[in-house]
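All remarks here apply to the structure that follows.
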Amino acid sequence: MNQAQLIKQFNDQYREKFNPEFFKRSSDAIIEELKKVILSCQRDKFFTIKVLEFKVVEDYAEINKILYNYEQAIINKNKTKKRDNQYEYINLKDSYIKLLIVTYFIQIGNESDTINVYIAVPRIVDRYYFYLNGNTYSASYQLVDASTYNNSTSTTSSKNQHVTFKTMFMPVRVYRTFTSLKTTDKQEIPVIHYTSRVFNKTLPAVKYILAKFGFIDTMGFLGVGSYIRIYDHDPGLSENAYVFQNKEIYIEVDKYMYDNDAIIQTLVYTVYKSVTKITKASDMFSTTFWLESLGAEFNNYTMEKGLSILDSLESIYDISTRDSLHLPDKDKQDIYCIIKWIICNFPSLKAKDNLDVSTKRIRYEEYIASLYAMKLTPGIYRISDLGKRAKLEHIKKALNTAPMYLISAIVRCNLVNYRNMVNDMDAMTALKFTYKGIAGIGEKSNSVPSIYRTVDKSHIGRIDPDSSSASDPGLSGSFCPLVKTFNNSFTEFEEPNFWETEFQKTMADYRNLVGLKQAIIFEQDVLGKEIDKDRIEIIDQSIAFSKQLFKAIQRIENPNNLTGSIDLFGDGFFILNSVQEE
Numbered sequence: 038m039n040q041a042q043l044i045k046q047f048n049d050q051y052r053e054k055f056n057p058e059f060f061k062r063s064s065d066a067i068i069e070e071l072k073k074v075i076l077s078c079q080r081d082k083f084f085t086i087k088v089l090e091f092k093v094v095e096d097y098a099e100i101n102k103i104l105y106n107y108e109q110a111i112i113n114k115n116k117t118k119k120r121d122n123q124y125e126y127i128n129l130k131d132s133y134i135k136l137l138i139v140t141y142f143i144q145i146g147n148e149s150d151t152i153n154v155y156i157a158v159p160r161i162v163d164r165y166y167f168y169l170n171g172n173t174y175s176a177s178y179q180l181v182d183a184s185t186y187n188n189s190t191s192t193t194s195s196k197n198q199h200v201t202f203k204t205m206f207m208p209v210r211v212y213r214t215f216t217s218l219k220t221t222d223k224q225e226i227p228v229i230h231y232t233s234r235v236f237n238k239t240l241p242a243v244k245y246i247l248a249k250f251g252f253i254d255t256m257g258f259l260g261v262g263s264y265i266r267i268y269d270h271d272p273g274l275s276e277n278a279y280v281f282q283n284k285e286i287y288i289e290v291d292k293y294m295y296d297n298d299a300i301i302q303t304l305v306y307t308v309y310k311s312v313t314k315i316t317k318a319s320d321m322f323s324t325t326f327w328l329e330s331l332g333a334e335f336n337n338y339t340m341e342k343g344l345s346i347l348d349s350l351e352s353i354y355d356i357s358t359r360d361s362l363h364l365p366d367k368d369k370q371d372i373y374c375i376i377k378w379i380i381c382n383f384p385s386l387k388a389k390d391n392l393d394v395s396t397k398r399i400r401y402e403e404y405i406a407s408l409y410a411m412k413l414t415p416g417i418y419r420i421s422d423l424g425k426r427a428k429l430e431h432i433k434k435a436l437n438t439a440p441m442y443l444i445s446a447i448v449r450c451n452l453v454n455y456r457n458m459v460n461d462m463d464a465m466t467a468l469k470f471t472y473k474g475i476a477g478i479g480e481k482s483n484s485v486p487s488i489y490r491t492v493d494k495s496h497i498g499r500i501d502p503d504s505s506s507a508s509d510p511g512l513s514g515s516f517c518p519l520v521k522t523f524n525n526s527f528t529e530f531e532e533p534n535f536w537e538t539e540f541q542k543t544m545a546d547y548r549n550l551v552g553l554k555q556a557i558i559f560e561q562d563v564l565g566k567e568i569d570k571d572r573i574e575i576i577d578q579s580i581a582f583s584k585q586l587f588k589a590i591q592r593i594e595n596p597n598n599l600t601g602s603i604d605l606f607g608d609g610f611f612i613l614n615s616v617q618e619e
């Protein structure tokens, strides 16, 4: 054994290895992400867009022939302006590509057709690079939030706390506000209310769920049981329930459950605010009522508009985003599950540290595919807006992107740089990343909170502190090659998702306390036993204490009303410190 062999053997046995995942690049992986984007854009309600087949062409001669025929068909169609077919000549600034052919079936009304769409996809050359238009390019990794981020690091002061969930197509922002409602006996009852902003419209978050499932099924979907009841007459006062009146509609809700759960509060508030002059109690149990109410939020009081909005909402939740979420499958099935998850776990999501890289994820192929998504989806949304005026030609126009569109978009993308190295340290180039870019921070504005440019404790061992860009410090750099990754994340973390467990405890406590009180009263009324006033008083005190505790917690979450602190332990116990009433 010579010296070189000895050193190699020693390194193999005792030295920690680089993470091989950082040094993998694959054009096939880009194609798979493109397929997910395209499948996410399928439709089957007002019009049909269905993918029949994906085909990948790798042979250079066949690719050139297909693109020649495509270009020639456009030239022949344009009779007034003739031009040369660029694929008749040898391109001195060629691109190394594969061709993805997507076969669609499209239909609207009685019209239908089958079309092919061609998408040029860059090949990987020299392990890490693209060769496009005669130049070599290096695509960096992108570091993005794994699910949501909040406005705790925002440079602008915001009165309302909010959490943002970004998909490949569009962000969903959920706000939490604190307001109040008056009962029929003139009590002022505090309300935690959640609104969402999608499609540049702000409306109650649960209204989307109500429009999808109706009132009864929404209560089942949210898991709040039958604690909310709607009447067209006054059900009368009760020591165990609040009654709210809006016009001729009365909403009754169990006091204990209302006081102890923000989801019930926002559902009650949404129902209360959705009442109109002509609303009847029976209307609110109809899905049609909620679809029309949703349409009214977009200034169109029709069920068709409500259905169109739901169709668009469902389409913004793409397959790649769903697959990357660290949640059980049942909690991330569709966009309605995501809205439920956000509002149910809002306090935990609001408390997340935006700077902690351990809860972020690494993207490469996904953001390249999203460049194509940014071209494809606006056209499909425009068809939805057209409604009954939409025609088959509109669908064809939305889907027929130019074959070289993705290549042009990659060249323009600020995450893909022209290779200008003066040495052969390719592995160092492969480790580069940035926070900026598509669906990243500073996407629409160069203004980024200065706190993102600082070194966070979560960077240690994951991000090289000496590799920060001189022109954009803190927002780009290199990964530490030795760090372990878990499905494109630095840790095997799970998203906060414990609301349902806590709610079940609340229901059990409520049932036990109320049931015990009713049992004592039953013994007095039916069996003639003397009532145990001390036990009744203790039970009433327990119920009252639980209500006061929860209200205190609510006020702690609203810093305008209370100064104090709260610690939530894993066993579900709350400890309040320095609580001051308003």
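Reading the sequence shown from the start, the letters are residues 38 to 619 in the working numbering.
Where is the CB? At the ideal position from N, CA and C, for every residue including glycine.
Distance between residue j and residue i (C-alpha atoms, nearest Å)
i	j	result
Tyr-231	Ser-505	39 Å
Ile-143	Thr-471	39 Å
Leu-347	Tyr-489	36 Å
Met-256	Thr-438	43 Å
Asn-237	Asp-121	44 Å
Asp-422	Leu-344	11 Å
Pro-415	Glu-53	47 Å
Tyr-107	Phe-55	45 Å
Ala-333	Lys-244	11 Å
Phe-322	Phe-252	5 Å
Lys-367	Ala-98	47 Å
Tyr-174	Ser-487	30 Å
Lys-92	Ser-64	14 Å
Leu-392	Phe-335	36 Å
Tyr-178	Glu-70	15 Å
Asn-101	Leu-129	14 Å
Ala-176	Val-453	4 Å
Val-209	Leu-350	10 Å
Ile-358	Glu-403	In the sequence as displayed, the identity of residue 358 is Thr instead of Ile. Cα to Cα, Thr-358 sits roughly 9 Å from Glu-403.
Phe-60	Leu-240	45 Å
Arg-592	Pro-227	With a pLDDT of only 42 at Arg-592, under the threshold of 50, the placement of this residue in the model should not be trusted, and no figure is reported.
Ser-381	Thr-221	The sequence given here places Cys at residue 381; Ser does not occur at that position. Distance between the alpha carbons of Cys-381 and Thr-221 is about 28 Å.
For residue i, three-class secondary structure by DSSP
i	result
Ser-132	coil
Pro-384	helix
Val-492	coil
Arg-419	helix
Arg-164	coil
Lys-223	coil
Tyr-295	helix
His-623	An answer regarding residue 623 cannot be provided, because it is not within the stretch 38 to 619 covered by the chain.
Asp-509	coil
Gln-179	strand
Gln-50	helix
Leu-274	coil
Gly-260	coil
His-363	coil
Phe-535	coil
Neighbourhood of residue i by C-beta distance below 6 Å, restricted to the same chain and skipping five residues each side
i	result
Arg-62	Ile-161 and Tyr-165
Phe-326	Asp-320
Ile-353	Thr-204, Phe-206 and Met-207
Neighbourhood of residue i by C-beta, 7 Å cutoff - its chain only, sequence neighbours within 5 removed
i	result
Ile-420	Phe-84, Ala-427, His-431, Ile-432 and Ala-435
Ile-356	Lys-73, Leu-76 and Ser-77
Tyr-264	Val-290, Asp-291, Met-294 and Ile-301
Val-181	Lys-397, Arg-398, Arg-400, Ala-476 and Gly-477
Pro-272	Val-280, Tyr-287 and Glu-289
Leu-137	Ile-68, Leu-71, Phe-91, Val-93, Ile-156 and Val-158
Gly-514	Phe-470, Ile-500, Asp-501, Ser-504, Ser-505 and Ser-506
Close-in-space but distant-in-sequence residues of the same chain around residue i (CB under 8 Å, 5 per side omitted)
i	result
Ile-246	Thr-255, Phe-258, Leu-259, Tyr-373, Ile-376 and Lys-377
Gln-46	Met-38
Cutoff 9 Å: residue i Cβ touching any chain D Cβ
i	result
Tyr-51	In the structure shown, chain D cannot be found, because there is only a single protein chain.
Residue burial classification, residue i (beta-carbon count within 10 angstroms, cutoff 16)
i	result
Val-492	exposed
Ile-315	exposed
Gly-474	buried
Pro-57	exposed
Ala-365	Before going further, note that residue 365 is Pro rather than Ala in the sequence given. By the neighbour-count rule (16 or more Cβ atoms within 10 Å), Pro-365 is not buried but exposed.
Asp-608	Unreliable placement is indicated for Asp-608, whose pLDDT of 32 sits below 50; no coordinate value is reported for it.
Leu-519	exposed
Gln-42	exposed
Arg-449	exposed
Ser-184	buried
With contact counted as at least three CB pairs below 8 Å, one residue from each stretch, are the segment 198–210 and the segment 273–289 in contact? no
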